[in-house]
Structure formats: structure tokens, C-alpha cells
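Q: Residue 45 is where the sequence shown starts when you use the numbering used here, and the numbers rise one by one after that.
Structure provided below as C-alpha cells; questions to follow.
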Amino acid sequence: MAVLITGGAGYIGSVTVDLLRARGEDVVVLDDVARGHRSAVDPDVPFYKGRTGDRALVARLLGERSIDACIHFAALAYVGESVSEPGRYYSNNMAEGLALIETLVAAGVKRFVFSSTCATYGEPEQVPIPESHPQWPVNPYGWSKLMLERVLSDFDHATGLKFVALRYFNAAGATAQRGEHHVPETHLIPLILDAAAGRRSHISIFGTDYPTPDGTAVRDYIHVSDLATAHLQALTHLRAGGASECINLGTGQGHSVLEVIETARRVTGRRIDAQREGRRAGDPARLIAVSDKARRVLGWEPQLGALATIVGSAWEWKLAHPEGYPN
Ligand code: UDP
Numbered sequence: 045m046a047v048l049i050t051g052g053a054g055y056i057g058s059v060t061v062d063l064l065r066a067r068g069e070d071v072v073v074l075d076d077v078a079r080g081h082r083s084a085v086d087p088d089v090p091f092y093k094g095r096t097g098d099r100a101l102v103a104r105l106l107g108e109r110s111i112d113a114c115i116h117f118a119a120l121a122y123v124g125e126s127v128s129e130p131g132r133y134y135s136n137n138m139a140e141g142l143a144l145i146e147t148l149v150a151a152g153v154k155r156f157v158f159s160s161t162c163a164t165y166g167e168p169e170q171v172p173i174p175e176s177h178p179q180w181p182v183n184p185y186g187w188s189k190l191m192l193e194r195v196l197s198d199f200d201h202a203t204g205l206k207f208v209a210l211r212y213f214n215a216a217g218a219t220a221q222r223g224e225h226h227v228p229e230t231h232l233i234p235l236i237l238d239a240a241a242g243r244r245s246h247i248s249i250f251g252t253d254y255p256t257p258d259g260t261a262v263r264d265y266i267h268v269s270d271l272a273t274a275h276l277q278a279l280t281h282l283r284a285g286g287a288s289e290c291i292n293l294g295t296g297q298g299h300s301v302l303e304v305i306e307t308a309r310r311v312t313g314r315r316i317d318a319q320r321e322g323r324r325a326g327d328p329a330r331l332i333a334v335s336d337k338a339r340r341v342l343g344w345e346p347q348l349g350a351l352a353t354i355v356g357s358a359w360e361w362k363l364a365h366p367e368g369y370p371n
């Protein structure tokens with residue numbers, strides 16, 4: 045049996061494809077390569093180019109391949125874009141996700157691992173954030189992900205579909221083969237490393253008046269390899285007959301923007317100019333996971349959690365792939 049990986053050409057998806065194959069799993073990738081990169085997936089991996097909402101394509105794929113589970117990464121993931129183009133986000137992330145789930149269930153595939161997000165919590169009432177925290181997103185991206193969590197839970201009740209929704213905190217870092225290449229890039233670590241590489245003049249610090257020790261925003265950065273491992277463990281949980289679960293993926297450690305910049309200066313040995321600017325709209329002061337549930341339910345333990353390791357791995361990838369993936 046093979047695992048269907050939607051969005052397997054994306055950042056976290058491509059690392060998960062590599063990990064599953066290294067563990068002897070057969071995988072099939074479905075990706076429209078609108079935001080992912082075809083060259084992020086080895087040519088010998090069965091690859092279907094198309095959309096998760098294309099019911100005919102997904103039904104054909106399921107007919108041609110023997111699939112026992114789906115890991116669903118494919119989604120749009122820019123918060124700002126979701127605010128200006130909500131229809132695209134509800135259509136792509138929610139409606140196409142629903143179509144995918146219906147097509148899978150109709151074909152008898154009832155194990156589903158979902159790329160969810162800490163954005164489903166919205167502005168946190170308490171930090172660190174447990175899975176039981178109220179979910180009231182502050183942008184359409186978070187709502188589109190939360191709605192699919194709801195869909196999954198209702199399908200569990202109605203059809204016995206079992207799912208693990210993994211609520212990522214800040215994915216970062218790279219493996220030797222795969223790294224982060226978004227167009228446009230908006231994430232802190234790749235932008236800092238672009239400044240280190242001389243590809244941009246400076247890094248902007250969005251907000252220096254947060255109620256945090258140094259005034260800059262604090263996030264829980266998690267290595268993309270550790271994220272990938274959690275997906276494999278979620279799959280194992282479901283194959284063992286485990287119940288549906290929503291689980292945070294973070295290290296439980298917070299790092300401020302200034303700390304990340306300092307770490308990058310140390311790791312790269314390069315000059316990185318930083319400019320203090322105003323807050324970016326919609327950014328909470330602190331996002332840190334309570335990460336016990338992943339340890340308890342999945343047996344997950346971050347192996348590459350140190351910030352210097354995360355930043356160092358991203359730097360190695362940037363040095364090896366200054367332009368990212370070829371177009
Ligand atoms: N950030 C920043 N400058 C940038 C990009 C991001 O100061 O050029 C800050 C951002 O405001 C947030 C943190 O870095 O507090 C992480 O942002 P990122 O976009 O990487 O992830 P997010 O937490 O928004 O998912």
C-alpha cells in the first residue's frame with residue numbers, strides 16, 4: 045500500500061516524501077506545482093500534477109494506485125493574501141480539501157493526516173497554547189484550516205474516517221536535499237539568510253514594542269525534519285487503530301526575532317543589518333506550543349530543536365541553492 049501525499053512538492057511535503065521513502069514506504073504525490081517545485085520531488089516518485097479538488101483525477105489516481113492513507117499538505121498559506129483574497133483560501137483550502145476527503149472516503153481510504161496550524165487558535169488567551177485552547181482564527185487562512193478540522197471530525201462521526209490534525213507552529217530549517225523556497229518569501233529565517241547572503245540589504249524587524257523580554261515577537265520554531273517525523277508517527281498511530289486527534293507540533297521553546305537574528309549572525313559569520321519597523325498587522329506577541337500531547341500520543345520528540353541547528357541547516361541549504369529550486 046502507498047501513501048498519497050498532496051502538496052508533496054512543497055516545503056514540508058517534500059521533506060516528508062523523502063523521509064517516508066527512506067523508511068521504506070511507497071508514496072504517490074499529488075501537487076499542482078502552483079507554489080511547490082517539481083524538482084523538489086525525485087523523478088522516480090509517482091507524480092500526479094493536479095488539484096486536490098479535481099475529483100475525477102483523484103478518483104483515477106486512487107483507482108491506479110493502492111492507497112491506504114493520505115497526508116494532506118496542499119494548501120495556500122499566506123495570511124496576508126488570505127485577508128485580501130478570502131475566496132481563494134476558502135475555495136482552495138476548504139472546498140477542495142472537502143472534495144479530497146469525500147473522494148478518499150468514497151474509495152475506502154479512511155486514514156488522513158492533516159497539515160493544520162496554530163493560526164486556528166487566533167489571538168492566544170494563554171501561552172504556551174494547549175490543544176484545548178479556544179479556536180477563533182483572526183484571518184481566513186486560519187479559518188479555512190479550522191473548517192477542515194471540523195469537516196474531518198464530522199466525517200469521523202459519519203464514516204469512521206480517522207485523522208490526525210497536526211497544528212504546526214513555525215516550520216523552519218532544511219535537509220541536505222530540500223529547503224524553503226517561497227515566492228514571494230515572507231518568513232523570517234529565509235529572509236534573514238538572504239540578508240546574510242547579500243541578496244537583500246537588511247532584515248526588517250516588525251515590531252519592537254511587544255510585551256516580551258526584548259520587545260520583539262516570540263515564536264516556537266520547529267525543524268522541518270522533526271515535522272516530517274511527526275507525520276510518519278501520525279500515520280503509524282492511525283494504522284495501529286488510533287483515535288482521531290488534534291496535536292500541536294512545536295518544541296515548547298520560544299525565540300524572539302532579535303534572538304533569531306543574533307543566532308543567524310553567529311551561525312553564518314556574516315554581517316546582517318537589521319532595521320526596526322512597526323508591527324506587521326495580525327501578528328500576536330507570542331506563539332508557543334504546549335507540546336506534551338505529541339510526545340504522549342505519537343511518541344514524538346524533536347531531535348533538531350536547537351535554534352542554531354535549525355538556522356544552520358537553512359544556511360547550508362541556502363549556500364548550496366542560492367537561487368532555491370530551478371523554475
Ligand atoms: N518577521 C520580521 N521580519 C520579517 C518577517 C517576519 O520581524 O521580515 C517576524 C514576524 O512579525 C513574526 C516572526 O518574525 O513575529 C515570524 O514570522 P514568520 O512570517 O516567519 O512566521 P509567522 O509567525 O508569521 O507564521
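Note that beta-carbon positions come from the ideal geometry of N, C-alpha and C, so glycine has one too.
Using only the heavy atoms of the ligand UDP, determine whether one of them is closer than 8 Å to the beta carbon of A119.
A: no
Q: Taking 9 Å as the cut-off, decide whether the C-beta atoms of G217 and H275 are in contact.
A: no
Q: Any heavy atom of the ligand UDP closer than 8 Å to the CB of N183?
A: no
Q: Given a cut-off of 9 Å on the beta-carbon distance, is the pair L74 and I56 in contact?
A: In this structure, I56 does not lie closer than 9 Å to L74 by Cβ.
Q: Over the uninterrupted alpha helix (DSSP H) stretch that includes I233, give me the two end residues.
A: L232 to A240
Q: Apart from the five residues on each side of it in sequence, which residues of its chain come closer than 6 Å, Cβ to Cβ, to W344?
A: The answer, listed in chain order, is A274, Q277 and A338.
Q: Got a sec: does the ligand UDP put a non-hydrogen atom nearer than 8 Å to the Cβ of A308?
A: no
Q: For T230, verify whether its CB is less than 8 Å away from any heavy atom of the ligand UDP.
A: yes
Q: Quick test of the definition: if touching needs 3 or more C-beta pairs under 8 Å, does the region 233 to 242 touch the region 172 to 183?
A: no
Q: Please identify the residue among K206, L142 and G368 whose C-alpha is closest to the C-alpha of C290.
A: K206
Q: State the beta-bridge partners of F117 as determined by DSSP.
A: Its beta-bridge partners do not exist; DSSP assigns none.
Q: Quick one: is K154 buried, meaning 16 or more other Cβ sit within 10 Å of its Cβ, or exposed?
A: buried
Q: Alpha carbons only, please: which of S160, V89, Q170 and E140 is nearest the one belonging to V334?
A: Here the closest residue by C-alpha is Q170.
Q: Unbroken beta strand (DSSP E) runs of length 3 or more, entirely within the region 62 to 95: which are they?
A: 70 to 75 and 91 to 93
Q: Take P172 and list the residues in its own chain whose beta-carbon comes closer than 7 Å to its own, dropping the five residues that flank it on each side.
A: G296, I332, A333 and V334
Q: Based on the DSSP secondary-structure assignment, which residues constitute the bridge partners of F207?
A: Looking at the DSSP output, F207 bridges to F156.
Q: Using 10 angstroms around the beta-carbon of T307, count the other beta-carbons present and answer buried if the total reaches 16, otherwise exposed.
A: buried
Q: Give me the Cα-Cα distance between A358 and A139, rounded to the nearest whole angstrom.
A: Straight-line Cα distance between these residues: approximately 33 Å.
Q: Name the one or two DSSP bridge partners that A278 has.
A: The partner list for A278 (beta bridge, DSSP) is empty, contrary to what the question assumes.
Q: Whose C-alpha, out of A272, V301, A284 and R324, is nearest the C-alpha of D62?
A: Minimum Cα distance to D62 is reached at A272.
Q: Go through its chain and collect everything with a Cβ distance to C162's Cβ below 6 Å, but skip five positions before and after it.
A: Hits under 6 Å: R211, F213 and L331.
Q: What number of angstroms, rounded off, separates the C-alpha of P346 from the C-alpha of R340?
A: 13 Å
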